[in-house]
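Trainee:
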DNA sequence: TTGAAAGCGGTACCAC
DNA sequence: GTGGTACCGCTTTCAA
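Chains as they are written, first to last, in my numbering: chain W, 1 to 343; chain D, 1001 to 1343.
1) Which same chain residues end up closer than 7 Å to residue 1228(D) when comparing Cβ atoms and leaving out the 5 residues on each side of it in sequence?
2) Since residue 1266(D) and residue 1283(D) are thought to touch, with beta carbons under 8 Å apart, how far apart are those beta carbons, to the nearest angstrom?
3) Kindly identify the DSSP beta-bridge partner or partners of residue 171(W).
4) May I have the straight-line CA-CA distance separating residue 1170(D) from residue 1288(D), to the nearest angstrom?
5) Going by other Cβ atoms of all chains shown within 10 Å of its Cβ, with 16 needed for buried, is residue 285(W) buried or exposed?
6) Taking only beta-carbon positions, decide if residue 119(W) is within less than 9 Å of chain D.
7) Determine, using beta-carbon pairs with one atom in the region 331-342 of chain W and one in the region 1031-1044 of chain D, whether at least three such pairs fall under 8 Å.
8) Using a C-beta cutoff of 9 Å, does residue 1201(D) count as contacting chain W?
9) For residue 1076(D), write down the residues that DSSP places opposite it in a beta bridge.
10) When you compare the CB positions of residue 1222(D) and residue 1193(D), do they come within less than 9 Å of one another, or not?
11) Do you know how far the Cα of residue 66(W) is from the Cα of residue 39(W)?
12) Using DSSP's beta-bridge definition, name the partner residues of residue 1223(D).
13) Under 9 Å, do residue 1309(D) and residue 1180(D) count as touching if we go by C-beta distance?
14) Would you mind working out which of 1235(D), 1149(D), 1177(D) sits nearest residue 1166(D), comparing C-alpha positions?
15) Measuring only the C-alpha atoms, how far is residue 260(W) from residue 295(W)?
16) Taking a Cβ distance cut-off of 7 Å, strictly less, list which residues of the region 264-281 of chain W are near chain D, in chain order.
17) Measure the alpha-carbon distance for residue 109(W) versus residue 1258(D) and round it to whole angstroms.
18) Taking the alpha helix (DSSP H) that residue 1053(D) belongs to, which residues open and close that run?
19) With H, G and I counted as helix, E and B as strand and the rest as coil, what does DSSP make of residue 256(W)?
20) Counting only Cβ-Cβ distances shorter than 7 Å, please list the residues of the region 47-76 of chain W near chain D, keeping chain order.
21) With H, G and I counted as helix, E and B as strand and the rest as coil, what does DSSP make of residue 1287(D)?
22) Would you identify the three-state DSSP class for residue 1207(D), choosing helix, strand or coil?
23) Give, in chain order, every residue of the region 213-247 of chain W whose Cβ lies closer than 7 Å to some Cβ of chain D.
24) Rounded to whole angstroms, what's the CA-CA distance from residue 130(W) to residue 1014(D)? Just pull it up for me.
25) Look at the alpha carbon of residue 1249(D) and the alpha carbon of residue 1085(D), and state the distance between them as a whole number of angstroms.
26) Using the Cα positions of residue 220(W) and residue 214(W), report the straight-line distance between them to the nearest angstrom.
27) Quick one: Cα of residue 1091(D) to Cα of residue 1111(D), how far?
28) Would you verify that the beta carbon of residue 113(W) is, or is not, closer than 9 Å to some beta carbon of chain D?
29) State the Cα-Cα distance for the pair residue 1076(D) and residue 1105(D), rounded to the nearest angstrom.
30) Distance cutoff 9 Å, beta carbons only. Does residue 342(W) sit that close to anything in chain D?
31) Could you give the DSSP three-state label for residue 157(W): helix, strand or coil?
32) Hey, does residue 164(W) have any beta-carbon neighbour from chain D nearer than 9 Å?
33) Could you check which residue in 1189(D), 1139(D), 1153(D), 1178(D) has the C-alpha nearest to that of residue 1081(D)?
34) Residues of chain W with CB closer than 8 Å to the CB of residue 1290(D), please, in chain order.
35) Using 10 angstroms around the beta-carbon of residue 205(W), count the other beta-carbons present and answer buried if the total reaches 16, otherwise exposed.
36) Look at the alpha carbon of residue 46(W) and the alpha carbon of residue 1208(D), and state the distance between them as a whole number of angstroms.
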């Protein structure tokens, strides 16, 4: 006979409401409400009876109505440039885990790196009265800032260490992290740098830091390939960029990529050409994704705690929403150089 | 002077409501409501005045209140086992894209492959009155089925081709896809099979199909390594499984992995051992992720359209919600063998 | 410990 | 084309 499905299922006209439960249990609407939201105010006998009746009637409290009356949606809304990039997917996972079991639900939207979309997404979030908003990256567009600022909604900007966040921020210094990466490579004796990156703000920060350190060492600026596609992170783009770098610059002995996806793509390109890594050319990544731990050779990279950033963002929001005392508005999750074998 | 942040920002006591806008614009509440939801019913003059006033007052319609009155949340809720796995991340991205610009927002939750969590997540979705629910994988737990069935909410089960979905389904036959993979390998002349997979239902279906084809060819069952971790997809697990397979079975000439993450991990393990792929041992994956297109060698795999599945799910839901006629309840997105170089 | 009733911020039907 | 108004389903004083 198999599992039941919807065929032949007759549905009740209308879902039961609190009022129906109250009537069936012989108590008032207010009492039923208390049973679900402040059970300690109700006598045990009443509580049990209401629960029994509710269960029998398949009553499911309408959280929308509840939220509206209590003026809170219990929704945290998150905006990321792209969902499927391993980098942000991890942050989202951290967020989701942090929210698990708290009664808050996660709403998610992607901006595809387009400013106009950011604005409309944020408006949608506010229109739905999100209790908190989290954004991957700093909100730089003045209209968006203004919108958020004026809304009074708690906001966390992630992935950058902002001096003047709209409200709260969690991340690390992209500048310093890339600088540290360059210093590490310098320390390993590399002198002819290649650089593969994108054009978004975070990547630009990384580039600045990296170039600064290289310059400080008295070396010429790296040969660079910038990926102008909206999403500056794909294996494929990394491979192509590496190919150009290799074709146009014979002497390069190390290539720094602004994220691990690009780096692994670059690694594959070397492999395709039979160039030993790091023997002929070294490769360093940024972000410390799973893949870099198992690639051949395993990827030297900068660990920045993508998951932890999301997790921390949820913590900060929750703290604010529960009125926890003296919260920190800006959290530096730091970074560390992970030395493996590719550089 | 830098960007403005929240410091020194004084916030208005309460956000403006429709009533406030109405008063300021000298029209009735009902008119303002129409301006936002059925503008064609309002004269252009009134419409413009209201818009102007609303803008000046920074009025943002409360979608929660609107939804409550109209009995619709305009939220689609999705449940996946894990968010950060490339496989599901793509499906989520497809869903999100499909919803973009429709006025529907995406709510997301992960079950971590735990049945108890599934139930509570679904309850939360229903409690929030999602207009539609989409689930990665069939809902097999009777309580969950019952819950969904009785709720009357449109439901799409993804990633499997169900004969009796709760409501709607979009996916492909895991059984047939794996069977086709085996047939492909058989056709290429491989005879000594290895199998790396997990223990969840979809994986089990793939295993059955694969083994069936192998048996039908008169060959002994593959040597298998099953990953019992809750999440049967990581590069690392693939590498470890491959190591075991290689250590314990000298004669294996091809290994089929139930997803590309495992397959790429396996690929790396071969590389670590200096075993040529497919020369010494071939590797075939399943799912066709980005990484398999650029790995060395590029991965022969089964393409199943992870993104397209999500996209299609959103289409079906939207069609139902807008009352589109004669929709198909079960959509087979099919699969195809992608021959590259690893097998 | 329980109940009555005034919102929460809109939608939509019905008149005019 | 516009306004009046009865809900939508729950939370939360305030009284009893």
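A virtual CB, placed ideally from N, CA and C, is assigned to each residue, including glycine.
All values reported here derive from a predicted model rather than from experimental measurement.
Mentor: So, to answer that:
1) Short of 7 Å from the beta carbon of residue 1228(D), and not among the five residues preceding or following it, lie these beta carbons of its own chain, in chain order: 1199.
2) 5 Å
3) Residue 171(W) pairs with 332(W).
4) 18 Å
5) buried
6) Chain D places no beta carbon closer than 9 Å to that of residue 119(W), leaving this residue out of the contacts.
7) Result no; under three Cβ-Cβ pairs closer than 8 Å.
8) no
9) 1106(D), 1132(D)
10) yes
11) 15 Å
12) 1194(D)
13) Cβ atoms of residue 1309(D) and residue 1180(D): not closer than 9 Å.
14) 1149(D)
15) 11 Å
16) 265, 268, 271, 272
17) 30 Å
18) Segment 1044-1056, the alpha helix (DSSP H) holding residue 1053(D).
19) strand
20) 58, 60, 61, 62, 63, 64, 65, 67, 68, 73
21) strand
22) helix
23) Interface annotation for the region 213-247 of chain W against chain D: 234, 235, 236, 239, criterion Cβ-Cβ distance under 7 Å.
24) Straight across, the Cα-Cα distance linking residue 130(W) with residue 1014(D) is about 16 Å.
25) Take the alpha-carbon of residue 1249(D) and the one of residue 1085(D): they are about 30 Å apart.
26) 7 Å
27) 16 Å
28) no
29) 6 Å
30) Closer than 9 Å: no.
31) Strand.
32) At least one beta carbon of chain D lies nearer than 9 Å to the beta carbon of residue 164(W).
33) 1139(D)
34) 234, 235, 236
35) buried
36) 53 Å
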